[in-house]
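Novice: Heads up: the sequence shown at position 21 corresponds to 21 in my numbering, and the numbers run straight through without jumps. Ideal Cβ positions, reconstructed from N, Cα and C, are used throughout, including at glycine. Could you have a look at this structure, given as structure tokens, before my questions?
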Amino acid sequence: SLIQNANIRTLINDPIYNIVRIKQPLELINDTIEFTFNNLSFSTLCPKVLFFKTKNN
């Protein structure tokens, strides 16, 4: 089956994947998320959660 033999290329090229594909966020948003997760540590977890919660308001 597709799942058993899947790699990223077969999944991306599968027509079903296009149905569930989400639109990429703006580059600034993507950079912020990447920076946050790349610099995540136990001591910064709570402040970063609060940052993202307040970012939506």
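My output table needs one value for ASN30: the three-state DSSP class, helix, strand or coil.
Specialist: Position 30 of the sequence shown, counted from the first residue, corresponds to residue 30. It is helical.
Novice: Locate the alpha helix (DSSP H) running through LEU50, then write down its first and last residues.
Specialist: Stepping through the sequence shown from its first residue, residue 50 is reached at position 50. Note, LEU50: alpha helix (DSSP H), 45–55.
Novice: Is the Cβ-Cβ distance between THR36 and LYS48 less than 8 Å?
Specialist: Translated into positions along the sequence shown, residue 36 becomes position 36. Translated into positions along the sequence shown, residue 48 becomes position 48. THR36 is a Cβ neighbour of LYS48, given a cutoff of 8 Å.
Novice: Check whether the Cβ of PRO25 sits closer than 7 Å to any heavy atom of the ligand PLP, and report yes or no.
Specialist: With respect to the ligand PLP, the structure shown offers nothing to examine, as it has no ligands at all.
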